[in-house]
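Protein chains in written order, with the working numbering: chain L, 2 to 281; chain B, 2 to 281.
Reviewing the structure listed below.
Protein chains: 2
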Amino acid sequence: MTGFFTEENSAQAVNARMRDGIDPRLKTIMSALVKHLHAFVKEVELTEDEWNSAIEFLTTTGQICSNERQEYILLSDVLGVSMLVDAINNRRPTGATENTVFGPFHVKGAPIRQMGDSISLDGKGETCLFTGRVLDLNGNPVKGAKIDVWSDNADGYYDVQQPDSQPRWNNRGIFVTGSDGAYSFIGTKPVSYPIPDDGPVGKMLAALGRHPYRPAHTHFLVTAQGHQKLVTHTFVGDDPYLASDTVFGVKETLVAPFEPNPDGTTQWVSRFDFILMSES
Amino acid sequence: MTGFFTEENSAQAVNARMRDGIDPRLKTIMSALVKHLHAFVKEVELTEDEWNSAIEFLTTTGQICSNERQEYILLSDVLGVSMLVDAINNRRPTGATENTVFGPFHVKGAPIRQMGDSISLDGKGETCLFTGRVLDLNGNPVKGAKIDVWSDNADGYYDVQQPDSQPRWNNRGIFVTGSDGAYSFIGTKPVSYPIPDDGPVGKMLAALGRHPYRPAHTHFLVTAQGHQKLVTHTFVGDDPYLASDTVFGVKETLVAPFEPNPDGTTQWVSRFDFILMSES
């Protein structure tokens, strides 16, 4: 008799069980997963106690998930997997605005507002004029671009995290560009905040000596006909967590200026142009 | 500014965040995990939809777990990880009985029975005399060895899976050897059965074109003072799933003879010696 599983042939023995005729992409993914997973176990020579701890961790990470909490996305985020998938699927030439993680706090159907409106409905925090243009790679303005913006408030929470104490749609809105591609709205200078760290992922971060903070950022989803979707943030440059974002979302090109507003209508002004790629 | 996460440096960027002074074994394991996990994502260039499917799969696999069901152990089993961990932690010289997976159906505190007793309390299935000796690597009998045996019944279920229809401790018992190291008891010739396949792991097996069956086997946990613990099964040689055990537990040396019993007191007789390693 031959062909039984051994320590030496383990990954091949598992992958040989997949039948012909299954989805070829699934076969590619599972073959690679088994190969790398077994290589990991062999490299560290995982003990039975460690295996038990891993089973327990994976189980509790699933069981804490609810409609309001997705601990597996947090796990993917803090292990850099979310940003890696984002990077692989959104490679762009120099000059195009870079993507970053979407995050769990976007809500569809935010109100469409007029240029210059404020999205800060709770009046908290330092006021900031966000302004700039949506352009294509040739520098031409993009007309009809939808800029969907969302941000935490001055206490570090999104409206959906505090439905009882924040106005609905606080720090959210959609702005549609005209023929000049320009946008402007008044919001709050964002603040850094921790991801939810009272679950298994928070415990893991603590064991690794890592903090759970994201540096201050404002989320943007920019869409326009004929152009690729842009999912990004702008970051505040002097944030203490800029170099250690717990989800690895920071890119140097996404650090935006925040300067005192010379006309005094807001405390800060942040100018940032979004450069879209054409759909190919 | 330098040191931000990129597609190229992704694993190093994540691992650089771990602080000095954390548990060194945890650091070793997490560094290797991140390295292999990122290598997997890069090799297959995981799409955002596939990432979403993975998050959903991991979440539902956690959420189906209960006191009676451990879907993450099933996942580890069918991906060959459980057997790989078992193999790494139980390397033995030729001659010593090999280990195999413990499985989820052992129950502590089974009744201690007398040699020759029957463990089949429901009277179902084909009767079999299990007999042999517990020996050390030099062929000396091991006195006072505890042989803890458990098995499915003739319908393919363990007593704990059918608490309402099977007698408690059906097909379970502990036998303690005397100075000759010999054991014998009457049980049921085991039958093959599927692992629980109505959850995410069962769906995955179906998508991979794999069946959920384990070939017929009898579980043994053999312990004796001064000797290493042995966790193993014996398998029935003509089982149709012997070469395709869905959890990869079969080893050639664990296939036991099942022959008609010449004295007619049972239908079958299965002779198998357990060879223990000394504690080093």
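All C-beta atoms, glycine included, are put in the ideal place defined by N, C-alpha and C.
Given the structure is predicted, the values throughout are model-derived calculations rather than measurements.
Simplified DSSP state of residue i, which is helix, strand or coil
i, result
"B:T233", "strand"
"L:S119", "strand"
"B:T132", "strand"
"L:G188", "strand"
"L:V45", "helix"
"L:Y242", "coil"
"L:M2", "Here L:M2 scores only 41 on pLDDT, less than 50, and its place in the model is too uncertain to base an answer on."
"B:L222", "strand"
"B:G179", "coil"
"L:G174", "strand"
"L:D24", "coil"
"B:M14", "It should be noted that the sequence gives Ala, not Met, for residue 14 of chain B. Residue state, collapsed to three classes: helix."
"B:F323", "Outside the modelled stretch of chain B, which goes from 2 to 281, sits residue 323 of chain B, for which no answer is possible."
"B:I148", "strand"
"B:F275", "strand"
"B:D87", "helix"
"L:P263", "coil"
"L:A33", "helix"
"B:Y158", "coil"
"L:A208", "helix"
Cutoff 6 Å; reference residue i; Cβ partners in own chain excluding five residues on either side
i, result
"B:A12", "V35, K36, H39"
"L:I175", "A111, I113, K147, D149"
"B:N90", "none"
"L:V15", "V35"
"L:M2", "With a pLDDT of only 41 at L:M2, under the threshold of 50, the placement of this residue in the model should not be trusted, and no figure is reported."
"B:D160", "Q167, N171"
Residue closest to residue i, alpha-carbon to alpha-carbon, out of the options
i, options, result
"L:E8", "B:N10, B:R93, B:P197", "B:R93"
"B:I187", "B:L277, B:W151, B:V143", "B:W151"
"L:V251", "L:S271, L:F259, L:Q226, L:T219", "L:T219"
"B:N141", "B:T178, B:F249, B:P191, B:M205", "B:T178"
"B:A257", "B:T247, B:P105, B:F221, B:T266", "B:F221"
"L:D123", "L:P105, L:F106, L:N154", "L:N154"
"B:G182", "B:V223, B:T95, B:P263", "B:V223"
"L:D118", "L:G145, L:Y184, L:V161", "L:Y184"
"B:T189", "B:I56, B:T235, B:G210, B:A225", "B:T235"
"B:A33", "L:E44, L:P25, L:K109", "L:E44"
"B:A88", "L:H212, L:V42, L:A208, L:L255", "L:V42"
"B:R106", "B:T95, B:L255, B:G157, B:F249", "For the record, residue 106 of chain B in the displayed sequence is Phe; it is not Arg. Nearest option by C-alpha distance: B:G157."
"L:G104", "L:A207, L:T29, L:Q64, L:G81", "L:G81"
"B:S67", "B:L138, B:E46, B:G200, B:M116", "B:G200"
"L:L27", "B:S54, B:D21, B:P25", "B:S54"
Close-in-space but distant-in-sequence residues of the same chain around residue i (CB under 7 Å, 5 per side omitted)
i, result
"L:S77", "S83"
"B:M31", "M19"
"B:P164", "none"
"L:P191", "S152, D153, A217, H218, T219, V237"
"B:D274", "G133, R134, L136"
"L:K293", "Look at the range of chain L in this structure, 2 to 281, and you will see that residue 293 of chain L is not part of it."
"L:V86", "none"
"L:N262", "L130, Q268, W269, V270"
Chain L contact residues for residue i, given Cβ-Cβ distances below 9 Å
i, result
"B:K252", "F5, F6, T7"
"B:R20", "L209, G210, R211"
Chain L contact residues for residue i, given Cβ-Cβ distances below 8 Å
i, result
"B:C66", "T60, G63, Q64"
"B:W151", "Simply none; closest approach about 19 Å."
"B:A33", "F41, E44, V45"
Heavy atom of the ligand ATP within 6 Å of residue i beta-carbon
i, result
"L:T62", "For the structure depicted, the ligand ATP is absent and the ligand set is empty, with no information on it obtainable."
7 Å Cβ cut-off: residues of chain L touching residue i
i, result
"B:Y73", "I56, L59, T60"
"B:D123", "Within 7 Å Cβ-Cβ: nothing; B:D123 doesn't reach chain L, min ~32 Å."
"B:R169", "Residues of chain L passing the Cβ test: none, with the nearest at roughly 27 Å."
"B:T48", "N90"
"B:S1", "Residue coverage of chain B in this structure runs from 2 to 281, which leaves residue 1 of chain B outside it and unanswerable."
Contacts of residue i in chain B (Cβ-Cβ under 8 Å)
i, result
"L:H39", "G81, V82, L85"
"L:I23", "A208, L209, G210"
Within chain B, partners of residue i - CB distance below 9 Å
i, result
"L:F249", "F5, F6, S11, A14, V15, R18"
Within chain B, partners of residue i - CB distance below 7 Å
i, result
"L:L222", "Chain B residues near L:L222: none, gap ~14 Å exceeds 7 Å."
"L:T29", "V45"
"L:A244", "G4"
"L:W52", "V86"
Residues of its chain near residue i, where Cβ-Cβ distance is below 8 Å and the 5 sequence neighbours each way are ignored
i, result
"B:R215", "S193, Y194, P195, I196, Y242, D246, T247, V248, G250"
Inset, instruction - Take every Cβ of the segment 226–240 of chain L, pair it with every Cβ of the segment 116–130 of chain L, and state whether three or more of those distances are shorter than 8 Å. - result: no
Inset, instruction - Determine contact between the segment 99–106 of chain B and the segment 269–279 of chain B, defined as no fewer than three beta-carbon pairs at a distance below 8 Å. - result: no
Inset, instruction - Determine contact between the segment 129–138 of chain L and the segment 160–172 of chain L, defined as no fewer than three beta-carbon pairs at a distance below 8 Å. - result: no
Inset, instruction - Inspect the CB distances between the segment 60–78 of chain B and the segment 57–76 of chain L and report whether three or more fall short of 8 Å. - result: yes
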